[in-house]
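In what follows, a single structure is set out as structure tokens and then discussed.
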């Protein structure tokens with residue numbers, strides 16, 4: 001078996017899943033506390049649901 005790519009290990013104190021309003025705030029708060037923090041998102045953070053809904057939500 002040949003190795004086709006290099007595996008890189010990442011080590012974090014906190015991993016936040018989702019970069020909406022709450023996720024970004026949790027990421028920022030953790031980083032401000034000095035914790036090594038990662039934020040994982042399926043879309044670019046400025047395209048999150050929170051930003052997309054800023055025009056208002058009709059219930």
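Numbering (our numbering), first residue to last: 1 to 59.
Beta carbons: idealized from backbone N, C-alpha and C, even for Gly.
What's the C-alpha gap between residue i and residue j?
i, j, result
"residue 21", "residue 8", "29 Å"
"residue 33", "residue 12", "13 Å"
"residue 38", "residue 19", "10 Å"
"residue 35", "residue 26", "11 Å"
"residue 17", "residue 42", "9 Å"
"residue 40", "residue 6", "21 Å"
With residue i and residue j assumed to form a contact (beta carbons below 8 Å), what rounded beta-carbon distance in angstroms separates them?
i, j, result
"residue 4", "residue 14", "Actually they do not touch by this definition, with Cβ atoms about 31 Å apart."
Only counting runs of 4 or more residues, tell me where the alpha helix (DSSP H) segments fall wholly within the segment 13 to 45, in order along the chain. 21 to 32
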